[in-house]
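Residue numbers (this note's numbering): 970 to 1290. Just so it is clear, CB atoms sit at the ideal spot from N, CA and C, and this is done for glycine as well. For clarity, every value in this text was computed on a predicted model and none was experimentally measured.
Written out as structure tokens, the structure reads:
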């Protein structure tokens, strides 16, 4: 399989798992095409043309020949210069590492992180929250994220990949879409009555059970096992954390009773408690691992890949189940 195919299929898997209407995804791509059409020649040179066909600004091929053949991939949640050097070291020992895949964005994909946060407003609007209120509350947070990433050294790992000639890509929102859909479907099918039932459901998932034995397990941070779960919202996609003000809108305009999240700050926890919602944290690393595993399953269905694990990732193959 070629690198360009892995990239294309990863984006397609993210679109397929995206819980927004496909018309909304196409509308947003149309906005980008209109922007591009209005640019002058010099502005077009700076424009990331992947935005014209890929709705996920945080998912990109960061270095490498798109036509390189890929048989073995080194996959990790967070990839830095150390993991690129690890790939090079594995090569020197005879392991044919053809591509490094990161989950969290790097390079120009990190610069685009704020652009995918609109996924969160669209999903909450589907649950009944007024889109105007959502966009108003999110506007400041999106600006803050856009500014904060400008201070990052975006290309540190990308430069290491270039110097060592190690192809590198990242798959962020497509993988997050996959895990959000996967867990949301399990919860809808199981119809758990209590928060304890949701917790048991999560612990039956291989990645969570593995991590529970090693580091962290899913836990209820607001509510108790005996609380009724009600409608459960899986909050696991859309770039990064929402603004704290979102929980008031959720409590007043939706039937959501329980949030399942990857991580919750102290400030977010206070707001969740204040607005009488339940919250379960399904830890970040195994949640990201599920998403990547689902992407890899879809890739393996098209052609064999040898997967090497690093940086918190653990391969669980569901493609043959």
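*Can you round the beta-carbon distance between residue 1274 and residue 1191 to whole angstroms, since I take them to be within the 8 angstroms contact cut?*
Start at 1 with the first residue of the chain shown, and residue 1274 comes out as number 305. Start at 1 with the first residue of the chain shown, and residue 1191 comes out as number 222. Between residue 1274 and residue 1191, the beta carbon gap of about 40 angstroms keeps them out of contact (Cβ cut-off 8 angstroms).
*Span of the alpha helix (DSSP H) holding residue 1151?*
Start at 1 with the first residue of the chain shown, and residue 1151 comes out as number 182. For residue 1151, the uninterrupted alpha helix (DSSP H) run begins and ends at 1142-1159, by DSSP.
*asked:* Out of 1100, 1282, 1107 and 1035, which one is the CA nearest neighbour of residue 974?
replied: By one-based count along the chain shown, residue 974 stands at place 5. Ranking 1100, 1282, 1107 and 1035 by Cα distance to residue 974 puts 1035 first.
*Across which residues does DSSP place residue 1138 in a beta bridge pair?*
Indexing the chain shown from 1 puts residue 1138 at position 169. According to DSSP, residue 1138 bridges with 1030 and 1070.
_Classification of residue 1170 by the beta-carbon crowding that lies within 10 angstroms, buried from 16 upward_ = Position 201 of the chain shown, counted from the first residue, corresponds to residue 1170. By the neighbour-count definition (other C-beta atoms within 10 Å, threshold 16), residue 1170 is a buried residue.
*Nearest to residue 997 (by Cα), restricted to the options 1215, 1022 and 988*: On the chain shown, position 28 is the one that residue 997 refers to. For the residues 1215, 1022 and 988, the minimum Cα distance to residue 997 belongs to 1022.
*Would you kindly check if the distance between the Cβ of residue 1251 and the Cβ of residue 1111 is under 9 angstroms?*
As a first step, residue 1111 is located in the chain shown; it is residue number 142 there, counting from the start. As a first step, residue 1251 is located in the chain shown; it is residue number 282 there, counting from the start. Cβ distance not < 9 angstroms, so residue 1111 and residue 1251 don't count as in contact.
*Throw me the rounded Cβ distance for the residue 1259 and residue 1203 pair, which I believe falls under 8 angstroms.*
One-based indexing of the chain shown puts residue 1259 at position 290. One-based indexing of the chain shown puts residue 1203 at position 234. Incorrect: roughly 11 angstroms between the Cβ atoms, too far for contact.
_Can you find the residues in the same chain that come closer than 6 angstroms, C-beta to C-beta, to residue 1208, ignoring five residues on each side of it along the sequence?_
By 1-based counting over the chain shown, the position of residue 1208 is 239. Correct list, in chain order: 1082, 1085 and 1086.
*Hey, how far is the Cα of residue 980 from the Cα of residue 1028?*
Walking along the chain shown from the start, residue 980 turns up at place 11. Walking along the chain shown from the start, residue 1028 turns up at place 59. Approximately 8 angstroms, taken between the alpha carbons.
_Less than 9 angstroms between the C-beta atoms of residue 1264 and residue 1093, yes or no?_
Taking the chain shown and counting its residues from 1, the one referred to as residue 1264 is at position 295. Taking the chain shown and counting its residues from 1, the one referred to as residue 1093 is at position 124. No, they are not a contact pair.
*Between which two residues does the beta strand (DSSP E) carrying residue 1188 extend?*
Here residue 1188 corresponds to residue number 219 of the chain shown, with the count starting at 1. 1188-1191 is the span of the beta strand (DSSP E), which, as asked, contains residue 1188.
*Cβ-Cβ distance between residue 1197 and residue 1234 below 9 angstroms*: What you label residue 1197 is simply residue 228 of the chain shown in a count that begins at 1. What you label residue 1234 is simply residue 265 of the chain shown in a count that begins at 1. Contact: no.
*Apart from the five residues on each side of it in sequence, which residues of its chain come closer than 8 angstroms, Cβ to Cβ, to residue 1077?*
On the chain shown, residue 1077 is found 108 positions in, with the first residue counted as 1. So the qualifying residues of the chain are 1017, 1029, 1031 and 1123.
*Go ahead and pull the three-state DSSP assignment for residue 1194.*
Start at 1 with the first residue of the chain shown, and residue 1194 comes out as number 225. In this structure, DSSP gives residue 1194 a state outside helix and strand, which the three-state scheme calls coil.
_Uninterrupted beta strand (DSSP E) stretches inside the segment 1029-1106 (no shorter than 3 residues)_ = You should have 1029-1032, 1041-1045 and 1068-1071.
*Are the segment 1159-1176 and the segment 1053-1073 touching by the rule of at least three beta carbon pairs closer than 8 angstroms?*
no
_Using C-beta distances below 6 angstroms, list every residue in its chain close to residue 1129, excluding the 5 sequence neighbours before and after it, in chain order._
Position 160 of the chain shown, counted from the start, is the residue given in the question as residue 1129. Answer for residue 1129: 1050 and 1053, listed in chain order.
*One or two residues paired with residue 1225 in a DSSP bridge*: Here residue 1225 refers to the residue found at position 256 of the chain shown. Answer is 1200, bridged to residue 1225.
_Option nearest residue 1172 by Cα separation, candidates 1255, 1282 and 1105_ = On the chain shown, position 203 is the one that residue 1172 refers to. Minimum Cα distance to residue 1172 is reached at 1255.
*Would you report the Cα separation of residue 991 and residue 1091, rounded to the nearest angstrom?*
For the purposes of this step, residue 991 is taken as the residue at position 22 of the chain shown. For the purposes of this step, residue 1091 is taken as the residue at position 122 of the chain shown. Taking the straight line from one Cα to the other gives about 12 angstroms.
_Assuming residue 1277 is part of the beta strand (DSSP E), what are its boundary residues?_
As a first step, residue 1277 must be located in the chain shown, where it is residue number 308. Unbroken beta strand (DSSP E) run through residue 1277: 1275-1278.
*asked:* Taking the beta carbon of residue 1140 as the centre, do at least 16 other beta carbons fall within 10 Å, making it buried, or is it exposed?
replied: Start at 1 with the first residue of the chain shown, and residue 1140 comes out as number 171. Label assigned to residue 1140: buried.
*From the DSSP output, in three-state form, read off residue 971 for me.*
What you label residue 971 is simply residue 2 of the chain shown in a count that begins at 1. Here residue 971 sits in strand by DSSP.
_In the DSSP output, which residue or residues are listed as bridge partners for residue 1250?_
Here residue 1250 corresponds to residue number 281 of the chain shown, with the count starting at 1. As a beta-bridge residue in DSSP terms, residue 1250 pairs with 1188 and 1230.
*For residue 1145, count neighbouring Cβ atoms within 10 angstroms of its own Cβ and tell me buried if that reaches 16, exposed if not.*
Numbered from its first residue, the chain shown carries residue 1145 at position 176. With 16 or more other Cβ atoms within 10 Å, it is buried.
*asked:* Quick check: what's the CA-CA separation for residue 1079 versus residue 1116?
replied: Start at 1 with the first residue of the chain shown, and residue 1079 comes out as number 110. Start at 1 with the first residue of the chain shown, and residue 1116 comes out as number 147. One C-alpha to the other measures close to 12 angstroms.
*Those residues which DSSP pairs with residue 1163 across a bridge*: For the purposes of this step, residue 1163 is taken as the residue at position 194 of the chain shown. Per DSSP, 1197.
_How far does the alpha helix (DSSP H) with residue 1008 in it extend, from its first residue to its last?_
Counting from 1 along the chain shown, the entry for residue 1008 is found at position 39. Counting along the chain, residue 1008 falls outside any alpha helix (DSSP H), and DSSP gives it neither H nor E.
*Minimum C-alpha distance to residue 1276 - residue among 1044, 1179 and 1119*: In the chain shown, residue 1276 corresponds to position 307, counting from 1. Measuring from the Cα of residue 1276, the nearest candidate turns out to be 1044.
_Residue of 995, 982 and 1131 minimising C-alpha distance to residue 1057_ = Locating residue 1057 in the chain shown gives position 88, counting from the first residue. Distances from the alpha-carbon of residue 1057 to those of 995, 982 and 1131 put 1131 closest.
*Please name the residue, chosen from 1224, 1216, 1228 and 1210, that lies closest to residue 1187 on a Cα-to-Cα basis.*
Taking the first residue of the chain shown as 1, we reach residue 1187 at position 218. Closest option to residue 1187, judged by alpha-carbon separation, among 1224, 1216, 1228 and 1210: 1228.
_Three-state secondary structure assigned by DSSP to residue 1262_ = Mapped onto the chain shown, residue 1262 falls at position 293. The answer is helix: DSSP assigns residue 1262 an H, G or I state.
*Should residue 983 be labelled buried (16 or more other beta-carbon atoms within 10 Å of its own) or exposed?*
Indexing the chain shown from 1 puts residue 983 at position 14. Classification for residue 983: buried.
*Assumed close pair residue 1098, residue 1210 - CB separation to whole angstroms, cut-off 8 angstroms*: Looking up residue 1098 in the chain shown gives position 129. Looking up residue 1210 in the chain shown gives position 241. About 17 angstroms separates the two Cβ atoms, so there is no contact after all.
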